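Visitor: This is the structure I have questions about; it appears just below.
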Amino acid sequence: MAGEIPNLEVLPRTGTGKGAARQARRDGMVPGVVYGGGVDPLPIQIPFNVLFKRLKAGRFLSTLFNLKVEGHEDVRVICRDVQRDVVKDLPTHLDLMRLRRTS
């Protein structure tokens, strides 16, 4: 519905960089980052199946989400980029941008 903002539940990621991202992918997660809003970037990871289902449903890149991260307050985000594997066309990284609560 138009007035309802869907929730997107993710987990915080402890490490950053190539090694931590590869480990997240081995564990069945897709690494990502939440940036913007005048706050430090937050590395996250989302279960592959959850992200894949949302991408297949459509309109993922243009949907405003209420992001729920363990240990952090809820924040509204919009997807800025989904990087995909060149051969398999599966998501490998997710970039989300924070928005003001009034958005």
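The sequence shown runs 451 to 553 under our numbering.
A virtual CB, placed ideally from N, CA and C, is assigned to each residue, including glycine.
Model, not experiment: these values are computed from the prediction.
#1: If contacts are defined as beta-carbon pairs under 8 Å, then His522 and Val480 qualify, I think. What distance do you get, rounded to the angstrom?
#2: What did DSSP end up calling Leu505 once you bin it into helix, strand or coil?
#3: DSSP state of Gly482, grouped into three classes?
#4: Using alpha carbons as the reference points, say which of Lys468, Ala474, Arg463 and Gly508 lies closest to Cys529.
#5: Anyone know if the C-beta pair for Val483 and Val519 falls short of 7 Å?
#6: Does the contact criterion of 3 or more C-beta pairs under 8 Å hold for the segment 495–503 versus the segment 532–548?
#7: What residue range is occupied by the uninterrupted alpha helix (DSSP H) comprising Arg534?
Guide: If we stick to the structure as given:
#1: At roughly 18 Å, the Cβ-Cβ gap does not stay under 8 Å, so His522 and Val480 are not in contact.
#2: helix
#3: strand
#4: Gly508
#5: no
#6: yes
#7: Counting along the chain, Arg534 falls outside any alpha helix (DSSP H), though it belongs to the beta strand (DSSP E) covering Val525 to Arg534.
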